[in-house]
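Taking it in order: structure first as structure tokens, then the write-up.
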Amino acid sequence: MSKRLVAIGDSFTEGVGDDDPGYPNGVRGWADRTAEQLAAREPDLRYANLAVRGKLMAQVLSEQLEPALDMRPDLVTLYAGGNDLMRPSVDIDTMMDDYDKAIGRLVESGATVVIFTGVDGVEDALFRKMRGRVAIYNEHARVIAARRGAKVVDMWAMRQLRDRRMWAPDRLHLNPLGHNEVAIEVLKVLGVDHVLAPHELGPRATVSPRDRRAQNLQWSKEHAWPWVRRRLRGESSGDHILAKRPSLGPV
Numbered sequence: 001m002s003k004r005l006v007a008i009g010d011s012f013t014e015g016v017g018d019d020d021p022g023y024p025n026g027v028r029g030w031a032d033r034t035a036e037q038l039a040a041r042e043p044d045l046r047y048a049n050l051a052v053r054g055k056l057m058a059q060v061l062s063e064q065l066e067p068a069l070d071m072r073p074d075l076v077t078l079y080a081g082g083n084d085l086m087r088p089s090v091d092i093d094t095m096m097d098d099y100d101k102a103i104g105r106l107v108e109s110g111a112t113v114v115i116f117t118g119v120d121g122v123e124d125a126l127f128r129k130m131r132g133r134v135a136i137y138n139e140h141a142r143v144i145a146a147r148r149g150a151k152v153v154d155m156w157a158m159r160q161l162r163d164r165r166m167w168a169p170d171r172l173h174l175n176p177l178g179h180n181e182v183a184i185e186v187l188k189v190l191g192v193d194h195v196l197a198p199h200e201l202g203p204r205a206t207v208s209p210r211d212r213r214a215q216n217l218q219w220s221k222e223h224a225w226p227w228v229r230r231r232l233r234g235e236s237s238g239d240h241i242l243a244k245r246p247s248l249g250p251v
């Protein structure tokens, strides 16, 4: 059983979308949920979460990799690159070469390493346009994992994550239901028993084309345009955010 867990990455791993004022940075997330289940079976578990929202792949690796290695973790989770894929242009091959090297260092340190594929956005008109980029990212991730001996949480195959009811209003981040589903899958990949249960949401409500257009317009005003404005100003949602759990500690 792992005794030192370090999670590194961006908003996905920080837990954005799973709002909870009782947790650092006001968010919980799949990583905290996973750590809680692991700690129930290993009371001596120590957990750090270095992830910060808005970070690009290069930032995650340059800012979080060395601190993570210094903690001599038994188990590391790493997801990065999602913010890069949303940029107007991205060199996926070069980005994943850097990812490969980082994963290699983590594996060589003796840690069990868990990485992720991206979610399939086929059912969302905006994110459907990114499917090609995400598919290339995912193939790189699978090849890297096979070569390096890392474990893969295949979110592309998690059909339940296609349901918008698993996502926060910004459509970029999972809500508590979605984070719970990811935690379940991480624990499954690790082969760890747990008490988390998936949510049965039932059939989705039928939305008329008119209502869908109104929802999309409201989303654009509240979430899409503010995101675009930050990009144009060279700002990030994580500019003034610190890691929620910067050092190993009890869960």
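Residue 137 in the UniProt record's numbering sits at position 137 of the sequence shown, with consecutive numbering throughout.
No residue lacks a Cβ here, since even glycine has one placed at the ideal position from N, Cα and C.
query                                                                                                                                                                                        : result
Please go through the same chain and pick out, in chain order, the residues whose beta-carbon is closer than 6 Å to the beta-carbon of Arg33, but skip the five residues on each side of it. : Ala183
Out of Ala150, Asp84, Gly29, which has the shortest C-alpha to C-alpha gap to Asp20?                                                                                                         : Gly29
Assuming Trp167 and Asn180 make a contact with CB atoms under 8 Å, what is their CB distance in whole Å?                                                                                     : Rounded, the Cβ-Cβ distance is 13 Å, inconsistent with contact.
Is it buried or exposed, Gly82, if we count other Cβ atoms within 10 angstroms and call 16 or more buried?                                                                                   : buried
Taking the Cβ atom as the reference point for each residue, do Met57 and Met86 lie within a distance shorter than 9 Å?                                                                       : no
Go to Val113, then tell me how far its alpha helix (DSSP H) extends in each direction, as first and last residue.                                                                            : Where Val113 is concerned, there is no enclosing alpha helix (DSSP H), although the beta strand (DSSP E) it sits in stretches over 112-116.
Let me know the beta strand (DSSP E) ranges lying completely inside the region 43-97, each 3 residues or longer, listed in chain order.                                                      : 46-49, 75-79
Would you call Glu66 buried or exposed, if buried means 16 or more other Cβ atoms sit within 10 Å of its Cβ?                                                                                 : exposed
If we ignore side chains and look at the alpha-carbon of each, how far apart do Lys55 and Ser11 end up?                                                                                      : 8 Å
For the structure I just gave you, are there three or more beta carbon pairs, one from the region 38-55 and one from the region 112-122, closer than 8 Å?                                    : no
Give the range of the beta strand (DSSP E) segment to which Leu161 is assigned.                                                                                                              : Element bounds for Leu161: n/a, residue is neither H nor E.
Rounded to the nearest angstrom, what separates Gln160 and His173 at their Cα positions?                                                                                                     : 14 Å
Less than 9 Å separating the beta-carbons of Gln64 and Ile8?                                                                                                                                 : yes
Helix, strand or coil for Leu172, going by three-state DSSP, please let me know.                                                                                                             : coil
Given that a residue counts as buried once 16 or more other Cβ atoms are within 10 Å of its Cβ, and exposed if not, what is Thr206?                                                          : exposed
For Gly104, tell me which candidate among Val90, Leu78, Arg128 has the shortest Cα-Cα distance.                                                                                              : Leu78
State the beta-bridge partners of Ile184 as determined by DSSP.                                                                                                                              : None, per the DSSP bridge assignment.
With a Cβ-Cβ cutoff of 9 Å, do Val192 and Val153 count as a contact?                                                                                                                         : no
Report yes if the C-beta distance between Ala111 and Pro169 is below 9 Å; otherwise report no.                                                                                               : no
I'd like the span of the beta strand (DSSP E) that includes Gly249, first residue to last.                                                                                                   : 245-250
Taking only three categories from DSSP, how would you classify Ala135?                                                                                                                       : helix
Looking at the strands, I want to know which residues DSSP matches up with Lys151.                                                                                                           : Val114
Return the CA-CA distance between Asp98 and Lys3, expressed in angstroms with no decimal places.                                                                                             : 27 Å
Pull up the distance between the alpha-carbon of Glu139 and that of Gly149, whole angstroms please.                                                                                          : 15 Å
Can you list, in chain order, the residues of its chain with a C-beta nearer than 8 Å to that of Ser109? Leave out the 5 residues immediately preceding and following it.                    : Leu69, Arg72, Pro73
With the cut-off set at 9 Å, would you say Pro24 and Lys244 are in Cβ contact?                                                                                                               : yes
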